[in-house]
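Right, one structure below, let's go through it.
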Amino acid sequence: MAYDDLRAFLRALEREGDLKRVTVETDPHLEIGEITDRVNKAGGPALLFENVKGAAMPLAMNVFGTDRRLLKALGLASYDEIAEKIGALVKPELPQGFGGLREAFGKLGSMTHVPPKKVPQKAKDAPVREVVLKGDEVDLEALPALFTWPEDGGSFFNLGLTHTKHPVTGARNLGLYRLQRHDRRTIGMHWQIHKDSRNHYQVAAARGERLPVAVAFGAPPAVTYAATAPLPGDIDEYLFAGFVQGKRVELVDCETVPLQVPARAEVVIEGWLEPGRMLPEGPFGDHTGFYTPQEPFPALTIDCVTMRRRPLLQSIVVGRPPTEDGPLGRATERFFLPLLKIIIPDIVDYHLPEAGGFHNCAIVSIDKKYPKHAQKVMHAIWGAHMMSLTKLIVVVDADCDVHDLHEVSWRALGNTDYGRDLTVVEGPVDHLDHASYQQFWGGKAGIDATAKWPEEGYTRDGGWPRMVRSDPETAERVNARWREYGL
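Here the sequence shown is numbered in the working numbering, starting from 9 and rising by one per residue.
The structure is reproduced here in structure tokens:
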């Protein structure tokens with residue numbers, strides 16, 4: 009079973025020796041980031057910095073830094089466990105396209121243990137409301153924000169779960185965006201152009217209205233994961249979180265804005281975003297491994313902070329992979345395979361390498377059935393929701409393990425004639441993509457690394473060569489002798 013709140017999960021990690029308390033004073037300016045990055049890359053434990061210089065509360069880091077910890081937090085034995093549940097959700101109908109995806113998630117609403125539930129605004133029911141600070145009592149300097157890399161433009165909260173709702177439809181969105189602390193009552197909202205919260209802000213601004221915003225820190229693990237998931241805009245992240253953790257998420261009304269937040273979060277900050285109020289945000293050492301430049305982004309004034317009596321904050325370090333983004337990205341890759349198959353039934357399996365920032369590269373295997381099948385799949389991926397931002401697609405045959413990068417490289421480097429097997433197009437790219445020659449759109453490539461057919465123009469004598477493989481009978485005989493002699 010998934011954990012109801014962050015602190016219960018941290019206690020479980022400590023019992024298992026997978027959490028280290030750092031009791032000496034540590035500096036959020038560069039030092040904590042350096043420590044966390046080293047520990048993460050070494051596969052080390054979660055960290056609880058209990059004495060953060062200049063801050064009034066502890067800081068939990070590297071909490072989801074290994075696959076084991078993230079799976080434990082979500083109450084799963086493997087990522088495929090949720091993938092199998094999602095696959096079962098769409099059977100036997102096997103709906104097609106985005107409509108089918110929404111139909112599949114629509115079934116969640118009828119499951120009594122999945123939709124979120126509202127609890128009273130009492131401290132015993134909603135611990136995040138044990139302390140309420142308003143107006144001049146608000147001081148974001150008391151919250152440990154990280155200055156992680158030497159050329160960052162300031163200190164950032166990297167794991168705040170941002171809540172907004174559409175000004176017209178009322179549909180809520182839960183997203184994970186970096187938040188720059190400008191001063192004791194102001195944060196910058198880094199909303200990229202493809203994000204739902206940015207759309208909510210633009211609709212409100214066009215109507216001359218301010219937008220209510222609430223940001224939760226230290227939420228239940230399933231909620232934190234759901235905020236990272238690339239769900240379509242009309243699918244409720246809290247519905248998905250309930251599905252992942254196997255029980256309803258408890259929500260409570262905010263104090264000063266018409267939004268709901270996790271009742272068992274550690275800290276919540278609330279405010280109204282005025283139309284057109286922008287401040288320079290960044291630079292920031294991002295998950296791409298490069299700095300994103302300074303740009304103007306909306307600036308939110310914080311009117312209220314609610315928290316537990318002895319709160320703690322959770323954050324992450326992003327930068328050059330591998331980082332804590334890794335397990336979160338791998339979870340998304342596995343969870344959403346059944347849904348990707350709804351949109352593109354041709355796909356057998358896929359892999360989003362962490363080194364490519366996950367969304368920059370997709371390796372896809374197909375059961376090839378007709379000439380140029382690989383190119384059809386490439387264009388389908390470039391038209392599939394946030395997969396549209398993929399810059400490189402490598403298509404291989406179904407007998408290739410897409411997670412074995414050595415095998416994939418062998419196919420992509422040796423199975424291709426780049427005069428015919430390379431597809432180059434232009435289209436939207438990530439807001440953070442620094443390599444495109446202009447912002448927001450750029451070049452993309454697809455590599456057809458499948459075996460080629462005569463119908464595709466392969467006319468050499470003998471046809472496409474067979475791969476070198478072991479003789480099955482000999483391989484089994486050697487296996488038996490291997491076991492017999494303990495080799």
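Positions of the beta carbon are idealized from the N, C-alpha and C atoms, including for glycine.
Put simply, the backbone Cα of valine 404 is about 42 Å away from that of phenylalanine 155. Residue burial is scored here from C-beta neighbours: proline 473 has fewer than 16 other C-beta atoms within 10 angstroms and is therefore classed as exposed. Relative to leucine 239, the option among Trp449, Phe343 and Ile195 whose CA is nearest is Phe343. Burial is judged here by how many other beta carbons sit within 10 angstroms of a residue's own beta carbon; glycine 41 has at least 16 and is buried. Contact annotation, proline 288 with proline 306: C-beta distance approximately 12 Å; criterion of less than 8 Å not satisfied.
Remark: C-beta atoms of valine 136 and arginine 328 do not approach each other more closely than 8 Å. Annotation: the continuous beta strand (DSSP E) that includes alanine 54 extends over 54 to 57.
Isoleucine 371 is positioned such that its CB atom lies no closer than 8 Å to that of histidine 381. In its chain, beyond the 5 residues on either side, Leu84, Val252 and Phe343 have a beta carbon closer than 7 Å to the beta carbon of isoleucine 90. Between alanine 63 and methionine 197, the alpha-carbon positions lie close to 22 Å from each other. The beta carbon of phenylalanine 448 lies closer than 8 Å to those of Ile201, Pro436, Val437 and His439 in the same chain, with the five residues before and after it left out. Under the three-state reduction of DSSP, proline 220 is assigned to strand. A straight-line Cα-Cα distance of about 24 Å links tryptophan 280 and isoleucine 243.
When C-beta atoms of the stretch 174 to 186 are compared with those of the stretch 60 to 76, fewer than three pairs fall below 8 Å, so the two segments do not count as touching. With respect to the C-alpha of tryptophan 418, the residue from Leu55, Val139 and Cys408 having the closest C-alpha is Cys408. Assigned with DSSP and collapsed to three states, phenylalanine 448 falls in coil, not helix or strand. Rounded to whole angstroms, phenylalanine 57 and threonine 31 show a C-alpha spacing of 7 Å. Contact annotation: the stretch 144 to 151 does not touch the stretch 209 to 220, with fewer than three C-beta pairs closer than 8 Å. Shown here for proline 123: same chain residues with a beta carbon closer than 7 Å to its own, the five before and five after excluded, namely Gly117, Leu247, Gly250 and Arg256 in chain order. Here leucine 413 carries a helix assignment [DSSP, helix/strand/coil].
Contact between the stretch 37 to 56 and the stretch 66 to 76 is present, with at least three C-beta pairs closer than 8 Å.
Within the DSSP secondary-structure output, methionine 197 pairs in a beta bridge with Leu187. Fully contained in the stretch 321 to 354 are the following alpha helix (DSSP H) runs of length 4 or more, in chain order: 333 to 343 and 345 to 351. Leucine 267: not part of any alpha helix (DSSP H); DSSP gives it neither H nor E.
Under the three-state reduction of DSSP, serine 396 is assigned to helix. DSSP, reduced to helix, strand and coil, places phenylalanine 251 within a helical segment of the structure shown. Taking C-beta atoms as the reference points, glycine 73 and alanine 54 count as a pair closer than 8 Å.
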